[in-house]
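Since the structure comes first, as structure tokens, the remarks are kept for the end.
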Amino acid sequence: MTGRAQANLLALCVALLLVSGALGVALAFAGGAFGSVDRSADDARLADSLAASAVAADGPLAMRANVLDRDALDDLDAASVGASFPAARGHAVRLTLDDAVLVDTGDASGGARVDRLVLVAERQTRSYAPAFDADTVLSLPRRTDRLTVAVTPPQGVVVEAVAVDGRVVLREPATAGGNATTGLPMGGLGGTYDVSVSRYRDATVTVAASAPLPAGSVVVTSYPVVTHKATLGVRVDA
Numbered sequence: 445m446t447g448r449a450q451a452n453l454l455a456l457c458v459a460l461l462l463v464s465g466a467l468g469v470a471l472a473f474a475g476g477a478f479g480s481v482d483r484s485a486d487d488a489r490l491a492d493s494l495a496a497s498a499v500a501a502d503g504p505l506a507m508r509a510n511v512l513d514r515d516a517l518d519d520l521d522a523a524s525v526g527a528s529f530p531a532a533r534g535h536a537v538r539l540t541l542d543d544a545v546l547v548d549t550g551d552a553s554g555g556a557r558v559d560r561l562v563l564v565a566e567r568q569t570r571s572y573a574p575a576f577d578a579d580t581v582l583s584l585p586r587r588t589d590r591l592t593v594a595v596t597p598p599q600g601v602v603v604e605a606v607a608v609d610g611r612v613v614l615r616e617p618a619t620a621g622g623n624a625t626t627g628l629p630m631g632g633l634g635g636t637y638d639v640s641v642s643r644y645r646d647a648t649v650t651v652a653a654s655a656p657l658p659a660g661s662v663v664v665t666s667y668p669v670v671t672h673k674a675t676l677g678v679r680v681d682a
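Here it is in structure tokens:
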């Protein structure tokens, strides 16, 4: 073999080594890229599954489908996420509401995110204590599923009935004959009562009493649920 042939053979071997090395590096990068894609897809699937569970009607955060309970959101921590969403255990999960972080179970900043449009429901407490006479109708401005009625009439005045939407829900007639000493009426309602009402319409309250009642004699407390739109974000880095 001539010197030139040997040189050509050496050059060919070097070229083959370079090509093999480049191919190996390319395959390594490709494998890493495919692995990254697979991990991203897994993150996205888990994030979507957790989001669906969170907004389900029987979900741990929901009052009903796509309506989240503000109190449940406020109580979230890493332990409750694992307890409420078993699929999240062992993974970094971040839940946000309108981009405000509700809870982190790890560093999920590089993971896949799924957003859901929801309503956030917050139960409020509102009390009303107007003066009542025979013509007074208390119209509650927001719907509620229950009322608390506290009755403390002045001496000598008997509250015989409370009606909601025209239906008597509390009744205690005056004692026949009244007080033998003072001649004042006796009996009637007194104390605090819980009343269930329809949450599908605004309630009205009327009171039947032996005389007009000053403000504060009957206090009606309602518990309306107020909602607002928000975006629930679920980010997962598995």
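Counting from 445, one number per residue, gives the positions in the sequence shown under our numbering. Using N, Cα and C, we set each Cβ at its ideal position, and we do this for glycine too.
If you draw a straight line from the Cα of Pro530 to the Cα of Lys673, it comes to about 27 Å. Gly550 sits close to Ala536, with the two beta carbons spaced by under 7 Å. The stretch 557-573 and the stretch 649-666 touch, with three or more beta-carbon pairs separated by less than 8 Å. Put simply, the stretch 559-567 touches the stretch 506-517. At least three CB pairs are less than 8 Å apart.
Closest by C-alpha distance to Gly634, out of Leu591, Glu616, Ala532, Thr648, is Glu616. If you look at Ser640, you'll find it isn't in any alpha helix (DSSP H); it sits in the beta strand (DSSP E) that goes 635-640. When DSSP states are grouped into helix, strand and coil, Ala506 belongs to the strand group. About 6 Å separates the beta carbon of Ala506 from that of Ala500, a gap short enough to meet the 8 Å contact definition.
Rounded to whole angstroms, the gap between the alpha carbons of Arg489 and Asp589 is 38 Å. Across the structure, Val603 and Val595 are spaced so that their CA atoms are roughly 8 Å apart. For Arg560, the enclosing beta strand (DSSP E) covers residues 556-567. Using a 10 angstroms sphere on the CB of Gly534, the tally of other CB atoms stays under 16, which defines it as exposed. Residue pairing from DSSP places Tyr572 in a beta bridge opposite Val664. DSSP, reduced to helix, strand and coil, places Arg679 within a strand of the structure shown.
Taking the Cα of Gln599 as reference, the smallest distance to any Cα among Asp519, Ala653, Val680 is reached at Ala653.
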